[in-house]
Each structure stands twice: as structure tokens, then as C-alpha cells.
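See structure below.
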Amino acid sequence: MKKLFKLLVVGILFSFMNANADEMPTKIVVASGSTSIPNSYIIRGKHTGHEVDIWNEISKKTGLKVKFITGEFNTLFGYLDSKKADTVGNTITVNSKRLKKYDFSEPYAYIPEKLVVHPNRTDIKKLKDIDGMTCGFSAGSNGGNLFKQIAKKQNIKIHMVSYDSSELLNEAFRRGKVDVMIFSAAEVAYKIKIGFIKARMVEENIAIGAKAYPFVKNNERSKKLRMIVTKAIKQMKKDGSLAKIYEKWYGMDFSHKPNNMKIAK
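Each residue of the sequence shown is one higher than the last, beginning at 0 in numbering that gives the first Met the number 0.
Dropping the structure here:
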């Protein structure tokens with residue numbers, strides 16, 4: 000009788016553990032920027048940006064309760080690595096270095112990295128035209144790292160300066176401390192559109208990057224969350240809700256992969 004009782008208890012515990020293992024997460028913590036206009040930023044105490052709109056739509060489609068942790072760009076992966084956040088929502092580019100450390104969701108955007116110059120510099124049309132100038136970029140940005148590689152290959156002599164936030168970089172540009180900035184096309188298009196900066200984008204792209212949400216490797220919870228988020232992104236592409244968010248913020252759609260263009264990694 001005792002043996003039978005023990006077997007029943009073990010069986011119940013095993014079933015309970017399996018049931019818990021099969022449960023899908025209901026909450027997700029997203030590390031997102033506090034000054035990354037218009038990706039994710041705080042204005043008059045309110046967190047806004049296209050990332051907020053995307054996550055609201057993901058929540059609507061999946062039932063996930065979304066909580067944001069905000070900070071400067073160079074702090075966001077620290078939240079993920081320390082498990083204070085489940086992912087980073089700040090238009091993160093998928094690249095080879097990050098792929099070694101993280102698993103990514105379905106890409107939700109394909110955005111060019113651009114050189115940004117003052118409007119009167121109509122003589123600058125290609126990357127090599129900024130030879131000898133000072134170029135600013137946000138610390139940890141993929142565009143800055145990619146351009147360093149390109150400059151080395153093409154023998155473009157350029158002084159690279161990193162800034163802790165896009166806000167500080169914009170101010171340096173206004174004051175003439177840097178001749179050129181590196182930004183994603185979406186971010187700079189928005190800032191030019193609203194009159195936040197007076198600038199223009201150089202015609203030649205640095206690269207086009209796929210944007211997706213990173214999740215830590217070898218973690219069951221992260222794997223499940225990545226599957227949930229990927230499914231939602233695919234639905235948003237199909238029903239046009241993702242395109243509507245980009246149209247709202249930029250007047251153009253970045254949600255689909257460009258034809259015949261190589262995606263940088």
C-alpha cells in the first residue's frame with residue numbers, strides 16, 4: 000500500500016512538472032531606449048516611439064503583458080545579459096557578433112545605415128567623399144561599427160567619435176564638433192521631417208540591416224518567448240499592421256526585405 004502511495008505521489012509530481020514545462024510565458028520584459036527618437040523615447044514622462052506601438056500590437060495579438068525597462072542605448076544589452084529583461088526593443092540590427100551570443104526573432108524591419116551631413120554639403124554623395132572629416136556615431140551602434148570596417152577597406156581616413164546617446168550626437172553635429180553623423184535612415188528621416196535637425200542623407204548606403212529582437216541562448220523561457228514574438232511579427236507583416244506603424248512614424252514602410260539587396264551581418 001505504501002509503495003503504491005509513493006508511486007502515485009511521484010506520478011502526480013511528474014505530471015505537474017511536465018504541465019509547468021509546457022506552460023507558455025504570459026509576460027515579457029523589454030529593455031528599450033529612453034532617448035532613441037523615434038525608436039523609443041520618453042517625453043513629458045510618457046514612453047513613446049514606434050517600438051512601443053509594435054509591442055502594443057504584439058501584446059494585442061499574443062496576450063503577452065509587456066513591461067518596459069528604459070535606459071541609454073549602451074545599457075540595454077546589460078539588462079538582457081543580467082536577465083533583468085527578456086529582450087531588447089530598440090531597432091537592434093542582426094549581425095554576426097550578436098548571432099554568436101543571441102537568438103533572434105523574425106526580422107521586423109530592414110533599414111539602411113546612412114551618413115548624415117549638413118544640407119549645404121551637396122558635394123558629398125559617396126562614402127569616400129568624407130575622407131579627412133570627423134564622424135560621430137552612437138556608442139554600440141551597428142552603423143558605426145560597419146563604417147569602421149568599410150573605411151578600412153576603402154582607405155577612407157576618418158576620425159571616428161562615439162557618443163553615449165543620439166541626443167548628444169545631434170548636439171555635437173549642431174555645434175560643428177563633428178562633420179558627419181551615422182544614423183539609421185528611419186531615425187534621421189523622422190528627425191529631418193519634424194525639423195529636429197537640419198541635415199541630409201548621403202546617397203550611398205553604408206549597409207542595410209535586418210532589425211529583430213534578441214533573446215539569450217540555451218534558455219527555455221527565452222526560446223518560448225522568441226517563438227511567440229516571431230509568430231506575432233509574421234502575422235503583423237501579413238495583415239499590414241506592421242506597415243501601418245512604420246507609415247505612421249516615417250511615411251514609408253521598412254517592414255519588408257528589399258529585393259536584390261544584400262543584408263549586412
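Backbone N, C-alpha and C define an ideal beta-carbon position, used for all residues, glycine too.
Exclusion of the five residues before and after W54 leaves V29, V65, G88 as the residues of its chain whose Cβ lies within less than 7 Å of its Cβ.
In this structure, V215 and Y101 form a Cβ contact; the two beta carbons are roughly 6 Å apart against a cut-off of 8 Å. Taking a C-beta distance under 7 Å as the contact criterion, I123 and V187 do not qualify as a contact pair. Remark: C-beta atoms of L224 and D52 do not approach each other more closely than 7 Å.
Taken through DSSP and simplified to helix, strand or coil, I207 comes out as strand. When only Cα atoms are considered, K26 and S254 end up about 25 Å apart. In this structure N169 is buried. Its beta-carbon is surrounded by 16 or more other beta-carbon atoms within 10 angstroms.
In this structure the stretch 240 to 259 does not touch the stretch 125 to 144; the number of beta carbon pairs closer than 8 Å is below three. Beta-bridge partners assigned by DSSP to A30: I68, V87. Contact check for E112 against G142 passes: the beta carbons are separated by less than 7 Å.
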